[in-house]
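Chemist: Chains as they are written, first to last, in the working numbering: chain R, 1 to 296; chain X, 297 to 525.
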């Protein structure tokens with residue numbers, strides 16, 4: 001009698017365990033520094049189908065890993081971009097790998113992203129597109145569907161002030177598996193590296209404290225050129241100071257991306273966020289980072 | 297007759313002396329007596345602020361009218377408390393002191409003080425290793441707590457190196473009266489808003505009052521005894 005009851009009890013426990021592993025995503029993926037936001041060298045819109053090769057991505061990731069990076073976030077899943085997480089794991093990225101989908105309506109991006117589920121710790125759908133490229137309802141449906149299909153935590157990303165106030169604040173707090181804001185103090189006229197870090201920390205800490213949620217900065221940036229006052233020294237000062245705060249953040253970004261200036265006709269500064277120059281040579285911050293992380 | 301006269305004299309002396317402002321080592325001590333109420337005024341308001349874990353941070357919400365939130369990043373601490381003291385300075389300004397258990401102090405890597413204040417011209421001076429360091433505010437807008445009707449509130453955030461002694465002042469006041477405090481090595485009396493006279497004057501008054509009380513007591517006692525005889 002007792003044996004049968006125990007068997008039924010055990011069965012219920014096992015079944016409930018199986019169910020939760022499918023439907024409930026891990027809400028707080030483990031962050032392992034240092035981390036970097038990655039667009040391949042030589043990228044430009046459309047290049048993922050023709051110009052970029054798997055070999056190029058392997059070389060990029062090998063270079064980043066050699067200088068200490070362990071975590072990675074990507075931006076799109078079209079063409080060869082759709083296998084970056086798998087390559088990253090092969091090249092030794094043992095930290096947090098987040099796969100980005102730029103166009104949440106793209107069937108190709110969706111299929112590639114789902115296929116990469118074994119190699120990722122989470123997904124980021126969209127990028128600064130709420131109310132512009134997609135509505136809250138459309139994004140909510142995609143977030144839920146990706147969670148259901150992959151069992152992974154899924155989030156989106158917007159500038160950090162959108163998480164503190166404004167029309168999307170509540171939506172972002174309730175629909176994100178973890179909070180993944182963008183932090184660009186330079187655009188808030190914080191041109192001094194120390195003040196830029198203070199700007200970042202005060203917002204991050206308020207958000208984390210008042211929501212009780214895990215906050216990982218998807219992009220933390222400081223340009224090395226493009227405007228008076230910006231240099232490789234100020235970029236290094238910003239990242240060195242930010243690192244000392246203990247915040248979880250992805251360095252934005254791996255390589256300078258001249259296409260933002262040349263193709264999108266954006267301001268000069270947009271071509272100089274990289275830790276490496278467009279030709280792959282390291283800026284001062286990389287030398288510092290490599291020394292810092294090799295000491296550990 | 298003599299005891300009544302003595303009582304009247306004692307009362308008059310007390311009123312005259314205790315009615316004067318007396319300075320303490322931590323700033324002005326308000327009226328009515330350094331001995332009876334001086335300690336309370338000297339230290340200003342004092343509040344126990346419970347710190348609760350919120351993600352990687354410890355979070356405290358003081359009842360203090362100007363401070364909305366205090367966040368502390370202390371590796372390995374899952375809770376704790378702060379003591380928030382407010383000291384009123386002779387010039388009307390206020391100093392804040394955040395003290396914490398040694399275990400928390402040693403692990404604190406950063407802290408942020410969020411101030412509710414209509415003026416954006418506040419600066420915060422933080423006392424770090426013998427020097428006052430000036431912290432500029434970071435103003436930002438947040439959704440009001442509990443967000444009634446989508447209201448927003450403006451905050452000033454000060455990022456500080458650790459828990460300790462701070463001075464919250466208007467920027468314009470800083471220029472006039474406190475520039476000297478930003479010198480590399482201010483003295484202890486400067487830190488607490490006092491000088492030589494402010495440090496010793498209360499003690500002098502104390503001794504004087506003691507002597508006067510003793511004299512008056514002797515006089516009354518003798519007068520009473522003579523009246524009895």
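From the three backbone atoms N, C-alpha and C, an ideal C-beta is built for every residue, glycine too.
If you follow the beta strand (DSSP E) that residue 462(X) is in, where does it begin and where does it stop?
Modeler: Against the second chain, residue 462(X) aligns to sequence position 166. First-last of the beta strand (DSSP E) with residue 462(X): 461 to 466.
Chemist: Using a Cβ cut-off of 8 Å, pull out every chain R residue sitting near residue 372(X), in sequence order please.
Modeler: Taking the first residue of the second chain as position 1, residue 372(X) is located at position 76. Ordered by position in chain R, no residue passes the 8 Å Cβ test against residue 372(X), which lies about 12 Å from the chain.
Chemist: Measuring straight from C-alpha to C-alpha, what distance separates residue 413(X) and residue 72(R)?
Modeler: Position 117 of the second chain, counted from the first residue, corresponds to residue 413(X). Position 72 of the first chain, counted from the first residue, corresponds to residue 72(R). Distance between the alpha carbons of residue 413(X) and residue 72(R): 40 Å.
Chemist: Quick one: using the 10 Å Cβ neighbour count with 16 as the cut-off for buried, is residue 384(X) buried or exposed?
Modeler: Along the second chain, read from residue 1 onward, the residue named residue 384(X) stands at position 88. Flag for residue 384(X) reads buried.
Chemist: For residue 291(R), count neighbouring C-beta atoms within 10 Å of its own C-beta (all shown protein chains included) and say buried if the count is 16 or more, exposed if not.
Modeler: By one-based count along the first chain, residue 291(R) stands at place 291. Residue 291(R) is exposed by the Cβ-count criterion.
Chemist: According to DSSP, is residue 377(X) helix, strand or coil?
Modeler: Your numbering for residue 377(X) matches position 81 in the second chain. Strand, per DSSP.
Chemist: With 16 as the cutoff for other CB atoms within 10 Å, does residue 359(X) come out buried or exposed?
Modeler: Counted from its first residue, the second chain places residue 359(X) at position 63. Classification of residue 359(X): exposed, given that the 10 Å Cβ count is below 16.
Chemist: With 7 Å as the limit, tell me which residues of the stretch 244 to 257 of chain R have their beta carbon closer than that to any beta carbon of chain X; keep them in chain order.
Modeler: 245 and 246
Chemist: Would you list the one or two residues that DSSP bridges to residue 431(X)?
Modeler: Residue numbering aside, residue 431(X) sits at position 135 when the second chain is read from its first letter. DSSP, once it has assigned bridges, lists 420(X) as partnering residue 431(X).
Chemist: Could you pull out every unbroken beta strand (DSSP E) segment of at least 3 residues lying fully inside the stretch 108 to 176 of chain R, listed in chain order?
Modeler: 122 to 125
Chemist: Taking C-beta pairs closer than 8 Å, name the residues in chain X that residue 212(R) reaches, listed in chain order.
Modeler: As a first step, residue 212(R) must be located in the first chain, where it is residue number 212. Result: 350 and 351.
Chemist: Tell me whether residue 367(X) sits in a helix, a strand or coil according to DSSP, three-state version.
Modeler: Taking the second chain and counting its residues from 1, one reaches residue 367(X) at position 71. In this structure, residue 367(X) counts as strand in the three-state DSSP scheme.
Chemist: Return the CA-CA distance between residue 211(R) and residue 112(R), expressed in angstroms with no decimal places.
Modeler: For the purposes of this step, residue 211(R) is taken as the residue at position 211 of the first chain. For the purposes of this step, residue 112(R) is taken as the residue at position 112 of the first chain. Distance between the alpha carbons of residue 211(R) and residue 112(R) is about 33 Å.
Chemist: Count the other C-beta atoms from every protein chain shown that fall within 10 angstroms of the C-beta of residue 127(R), then say buried if there are 16 or more, exposed otherwise.
Modeler: For this step, residue 127(R) is matched to residue 127 along the first chain. With 16 or more other CB atoms across the displayed protein chains lying within 10 angstroms of its CB, residue 127(R) is buried.
Chemist: Based on Cα-Cα distance, which residue from 294(R), 204(R) and 235(R) lies nearest to residue 277(R)?
Modeler: By one-based count along the first chain, residue 277(R) stands at place 277. Minimum Cα distance to residue 277(R) is reached at 235(R).
Chemist: Give the residues of chain R in contact with residue 432(X), contact being defined as C-beta atoms less than 9 Å apart.
Modeler: Sequence index remark: in the second chain, residue 432(X) carries index 136 (1-based). Per Cβ cutoff of 9 Å: 195 and 198.
Chemist: Whole angstroms is fine: what's the gap from residue 521(X)'s alpha carbon to residue 514(X)'s?
Modeler: For the purposes of this step, residue 521(X) is taken as residue 225 along the second chain, with counting starting at 1. For the purposes of this step, residue 514(X) is taken as residue 218 along the second chain, with counting starting at 1. Answer to the nearest angstrom: the Cα atoms are 10 Å apart.
Chemist: Checking contacts by CB at 8 Å: is residue 484(X) closer than that to chain R?
Modeler: Counting from 1 along the second chain, the entry for residue 484(X) is found at position 188. Summary for residue 484(X): the model assigns pLDDT 39, below 50, so the residue's position carries little reliability; its value from the coordinates is reported in the next sentence. It does not: the Cβ of residue 484(X) has no partner Cβ on chain R nearer than 8 Å.
Chemist: Check whether chain X comes within 8 Å of residue 32(R), counting only Cβ atoms and requiring the distance to be less than that.
Modeler: As a first step, residue 32(R) must be located in the first chain, where it is residue number 32. Chain X has no Cβ within less than 8 Å of the Cβ of residue 32(R).
Chemist: Which same chain residues, not among the five before or five after residue 197(R), have their C-beta less than 6 Å away from its C-beta?
Modeler: As a first step, residue 197(R) is located in the first chain; it is residue number 197 there, counting from the start. Closer than 6 Å at the Cβ level, and outside the excluded window around residue 197(R), lie 241 and 242.
Chemist: Would you say residue 439(X) lies against chain R (beta-carbon separation less than 8 Å)?
Modeler: Against the second chain, residue 439(X) aligns to sequence position 143. Interface residue, yes.
Chemist: Per DSSP, what kind of secondary structure is residue 239(R) in: helix, strand or coil?
Modeler: If you number the first chain from 1, residue 239(R) lands on position 239. DSSP places residue 239(R) in helix when its eight states are reduced to three.
Chemist: Please report the residue range of the beta strand (DSSP E) in which residue 221(R) lies.
Modeler: For this step, residue 221(R) is matched to residue 221 along the first chain. Counting along the chain, the beta strand (DSSP E) containing residue 221(R) begins and ends at 217 to 221.
Chemist: Residues of the stretch 148 to 173 of chain R in Cβ contact with chain X at a cutoff of 9 Å, in chain order, please.
Modeler: Taken in chain order, the members of the stretch 148 to 173 of chain R whose beta-carbon sits within less than 9 Å of a beta-carbon on chain X are 161, 164, 165, 166, 167, 169 and 170.
Chemist: Are the CB atoms of residue 394(X) and residue 547(X) within a distance shorter than 8 Å?
Modeler: Residue numbering for chain X in the displayed model covers 297 to 525; residue 547(X) lies beyond these limits and cannot be assessed.
Chemist: Please return the same chain residues whose Cβ sits closer than 6 Å to the Cβ of residue 52(R), not counting the five positions on each side in sequence.
Modeler: Looking up residue 52(R) in the first chain gives position 52. Here the set comprises 40 and 80.
Chemist: Measuring alpha carbon to alpha carbon, tell me which of 519(X), 461(X), 440(X) and 380(X) ends up nearest residue 346(X).
Modeler: Numbered from 1 along the second chain, position 50 holds the residue referred to as residue 346(X). The shortest C-alpha separation from residue 346(X) is found at 380(X).
Chemist: Could you name the residues of the same chain whose beta carbon sits closer than 8 Å to that of residue 178(R), not counting the 5 residues immediately before and after it, in chain order?
Modeler: On the first chain, position 178 is the one that residue 178(R) refers to. Here the set comprises 27, 28, 29, 122, 153, 155, 213, 214, 215 and 216.
Chemist: Leaving out the 5 sequence neighbours to the left and right, which residues in its chain are closer than 6 Å to residue 333(X) when beta-carbon positions are compared?
Modeler: For this step, residue 333(X) is matched to residue 37 along the second chain. Here residue 333(X) scores only 28 on pLDDT, less than 50, and its place in the model is too uncertain to base an answer on.
Chemist: Out of 141(R), 78(R) and 91(R), point me to the one whose CA is closest to residue 108(R)'s CA.
Modeler: Locating residue 108(R) in the first chain gives position 108, counting from the first residue. The candidate whose alpha carbon is nearest that of residue 108(R) is 78(R).
Chemist: Applying the 10 Å Cβ sphere with the 16-neighbour rule, what's the burial state of residue 33(R)?
Modeler: Working through the first chain from its first residue, we reach residue 33(R) at position 33. By the 10 Å Cβ count, residue 33(R) comes out buried.
Chemist: By Cβ distance, which residues of its chain are closer than 6 Å to residue 408(X), with the 5 residues on each side in sequence left out?
Modeler: Along the second chain, read from residue 1 onward, the residue named residue 408(X) stands at position 112. Once the five neighbours on either side are set aside, the close Cβ partners of residue 408(X) are 367, 453 and 455.
Chemist: What number of angstroms, rounded off, separates the C-alpha of residue 485(X) from the C-alpha of residue 129(R)?
Modeler: By 1-based counting over the second chain, the position of residue 485(X) is 189. By 1-based counting over the first chain, the position of residue 129(R) is 129. Residue confidence is low: residue 485(X) scores 42 on pLDDT, short of 50, so the model does not pin down where it sits. No coordinate-derived value is stated.
Chemist: Find the nearest neighbour of residue 249(R) within the set 284(R), 87(R) and 183(R), judged by alpha-carbon distance.
Modeler: Position 249 of the first chain holds residue 249(R). Cα-wise, what sits closest to residue 249(R) is 183(R).
Chemist: Against residue 341(X), what residues of chain R qualify as contacts under a CB-to-CB distance less than 7 Å, listed in chain order?
Modeler: Indexing the second chain from 1 puts residue 341(X) at position 45. None at all; the shortest Cβ gap to chain R is about 23 Å.
Chemist: Using the C-alpha atoms, what's the distance from residue 508(X) back to residue 435(X)?
Modeler: As a first step, residue 435(X) is located in the second chain; it is residue number 139 there, counting from the start. As a first step, residue 508(X) is located in the second chain; it is residue number 212 there, counting from the start. A direct Cα-Cα distance of roughly 55 Å separates residue 435(X) from residue 508(X).
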